[in-house]
Every structure is written in structure tokens, then in C-alpha cells.
């Protein structure tokens with residue numbers, strides 16, 4: 066079974082505060098994510114994290130080194146799609162070498178790492194990309210980056226930010242339900258039919 070989320074920003078206090086996440090500290094948040102995701106996704110399942118799994122503000126920000134290792138706490142396989150925070154890790158700590166970062170991630174337990182990803186399941190084509198501005202036409206895009214501010218729906222796909230789903234994973238069944246809502250209601254609502 067496939068599961069999806071993004072924008073967790075594990076162990077990042079700034080995100081906890083600005084997103085008004087209902088946790089007393091980052092340790093409580095990380096613990097909640099690990100426990101919740103492990104209840105949903107088991108060994109043999111795959112979680113696609115569509116960017117910003119961890120946080121990195123620049124060269125002076127070393128917290129990612131610890132939080133990226135939390136991958137070992139999850140029962141399911143984690144496939145990481147690059148977000149802007151992972152891009153900064155590559156820029157500042159891997160000399161702009163994506164392949165070196167990917168190799169590092171594979172060595173510590175990630176199943177795979179992609180910049181973006183074409184994926185097919187349920188007989189449907191999807192494109193996984195962190196920033197909605199990078200959406201691909203003619204497929205359903207699964208993205209993040211905007212946290213709650215961008216809302217759940219865009220005509221080209223869905224924002225799977227963890228804040229929108231009460232920090233739970235989106236399952237294949239959840240995606241199927243969103244597609245049904247899109248076809249039945251959202252695509253027919255002219256006030257929602259905008260791409261930016």
C-alpha cells in the first residue's frame with residue numbers, strides 16, 4: 066500500500082510555532098508522527114514524503130543531521146521527494162551533489178530519493194513534486210510546500226501537507242476519495258477553476 070505526506074519539518078521548532086501545531090515541543094511532535102504513521106503504514110508499505118521531511122535553513126543549521134535519521138523509526142519504507150529544505154541540504158552540505166545526498170540517504174535507510182516522481186497506482190498516473198508551481202499537466206499532481214495556506218485542492222491536484230490531514234498519512238483510499246470529490250464537485254465549480 067502507498068501512503069503520502071509532506072512538510073513535516075521534523076524536529077523544527079520554527080515550523081511548530083508558525084504553523085500553530087498543537088504540540089508542546091518538537092520531541093512531542095516527532096514522537097506523534099512516528100507513532101501515528103507506524104499505526105497506519107506497516108512493513109512492506111511505502112510512504113512517499115513529498116518534500117520538507119526535515120528542515121534546513123542554511124549552513125549554520127545542522128539540526129537536519131539528527132532529524133534525517135528518524136527514518137529508522139518508521140516501519141514502512143520511506144521514499145523522499147526533494148523539497149526546498151532538502152535542496153538546501155544538498156547545496157550547503159553536499160556541494161550541490163544530489164547523487165551524493167541520495168547515496169547518503171540510501172545508506173541510512175531511505176528506500177529511494179527523487180527530485181520529482183512519476184507514479185502510477187489505481188490505474189491512474191500521478192506526478193509527485195514538492196512545489197505546486199512545478200505541476201505537470203494532464204496528470205494528477207500530489208504536492209506540498211504551501212502547508213495549510215494553499216488549501217487541499219487545485220485543478221491540477223492535491224496538497225498533501227501533513228497539517229491539512231491532522232498529521233496523518235494520506236492512503237491510496239484517501240487519494241481515491243479526493244479524486245472522486247474532484248470529479249463530482251470541485252472540477253465543476255467555476256470559482257475553483259484556477260491554476261495559480
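Residue numbers (the working numbering): 66 to 261.
From the three backbone atoms N, C-alpha and C, an ideal C-beta is built for every residue, glycine too.
Identify the continuous alpha helix (DSSP H) that holds residue i and give its terminal residues.
i: residue 245; result: 237-249
i: residue 70; result: Unbroken run through residue 70 is the beta strand (DSSP E), 67-70; no alpha helix (DSSP H).
i: residue 81; result: 78-83
DSSP beta-bridge partners for residue i?
i: residue 200; result: In DSSP, residue 200 forms no bridge with anything.
i: residue 182; result: 193
i: residue 207; result: 193, 223
i: residue 218; result: 223
i: residue 177; result: 144
Note down the Cα distance separating residue i from residue j, rounded to an integer number of angstroms.
i: residue 156; j: residue 249; result: 43 Å
i: residue 116; j: residue 252; result: 26 Å
i: residue 158; j: residue 170; result: 13 Å
i: residue 168; j: residue 119; result: 17 Å
i: residue 72; j: residue 131; result: 17 Å
i: residue 212; j: residue 205; result: 18 Å
i: residue 92; j: residue 228; result: 17 Å
i: residue 195; j: residue 173; result: 22 Å
i: residue 150; j: residue 89; result: 23 Å
i: residue 221; j: residue 113; result: 19 Å
i: residue 147; j: residue 66; result: 21 Å
i: residue 193; j: residue 181; result: 6 Å
i: residue 96; j: residue 189; result: 33 Å
i: residue 209; j: residue 164; result: 23 Å
i: residue 128; j: residue 255; result: 44 Å
i: residue 78; j: residue 126; result: 12 Å
i: residue 76; j: residue 166; result: 20 Å
i: residue 216; j: residue 224; result: 7 Å
i: residue 80; j: residue 138; result: 21 Å
(request) May I have a chain-ordered list of the beta strand (DSSP E) segments no shorter than 3 residues that lie completely inside the segment 94-148? (result) Whole beta strand (DSSP E) segments, 3+ residues: 111-115, 142-146.
(request) Please determine if the segment 171-187 and the segment 137-155 are in contact, where contact requires at least 3 C-beta pairs separated by less than 8 Å. (result) The segment 171-187, when compared against the segment 137-155, does touch it at the 8 Å Cβ threshold.
(request) Would you check if the segment 183-201 and the segment 90-106 touch, i.e. whether three or more CB-CB distances between them fall below 8 Å? (result) no
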